[in-house]
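Position one of the sequence shown corresponds to residue 3 (this note's numbering), numbered consecutively onward. In this text, a Cβ means the ideal position worked out from N, Cα and C, and glycines have one as well. Keep in mind the model is a prediction, meaning the values are calculated, not measured.
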Amino acid sequence: MKNELSALEKLAAYNYWANNQLLQHLENIPVDIPATALQLFSHLVNAQVIWLSRLENIPILLPLFEVHTLSQCRELHETTSEQLQEYATLNQPELEVEVIYTNTKGEDFSTSVQDILLQVFNHGTYHRAQVARDLRQHNLEPINTDYITYVRSK
């Protein structure tokens with residue numbers, strides 16, 4: 003019997019795949035990509051870095067809206083997505099651990115590891131859609147990063 007992935011592990015794998023698909027697409031566009039698309043994708047990977055910093059209780063050294071080159075985005079994507087996939091394999095009691103952190107507005111919160119991961123994956127989906135919209139507005143074809151497309155590709 004095959005070892006079935008949890009829903010969280012599936013979302014982590016999907017998040018990696020979708021970010022990677024979009025990055026490859028952006029890297030292959032033969033013209034300069036729209037500045038807003040790069041800003042949005044930079045924000046997506048910055049948020050992954052920030053949430054991982056919170057999970058690991060280490061200082062956040064990256065501004066939320068810092069803009070990167072595509073190669074820097076790729077490096078941040080690879081590093082953070084791998085770590086997110088590792089967190090998604092935690093057992094249920096570990097996923098329910100509350101993480102205490104301060105948000106970018108200086109407000110203190112306590113959120114479970116599981117809910118932080120769900121936030122990261124949902125946040126990525128939201129901003130990938132914004133990148134797709136931005137590409138369309140600049141007469142560039144977006145790439146399909148729907149979850150079902152990921153499932154069908156396996």
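Nearest-angstrom beta carbon gap, residue j and residue i [assumed within contact, 8 Å]
i: residue 132; j: residue 42; result: 5 Å
i: residue 114; j: residue 97; result: 7 Å
i: residue 72; j: residue 28; result: 6 Å
i: residue 54; j: residue 85; result: 5 Å
Classification of residue i by the beta-carbon crowding that lies within 10 angstroms, buried from 16 upward
i: residue 121; result: exposed
i: residue 82; result: buried
i: residue 50; result: buried
i: residue 39; result: buried
i: residue 52; result: buried
CA nearest to the CA of residue i, picked from the options
i: residue 46; options: 134, 142, 127 and 30; result: 127
i: residue 119; options: 6, 17 and 151; result: 17
i: residue 57; options: 116, 135 and 153; result: 116
i: residue 34; options: 54, 108 and 142; result: 142
i: residue 99; options: 112, 135 and 8; result: 112
i: residue 135; options: 37, 8 and 32; result: 37
Identified DSSP bridge partners for residue i
i: residue 101; result: 113
Specify whether the region 4-24 and the region 145-155 touch according to this definition: at least 3 beta carbon pairs, one from each stretch, less than 8 Å apart. In this structure the region 4-24 touches the region 145-155; the number of beta carbon pairs closer than 8 Å is three or more.
For the region 82-100 against the region 13-20, do three or more pairs of beta-carbon atoms, one drawn from each stretch, fall closer than 8 Å, so that the two count as touching? yes
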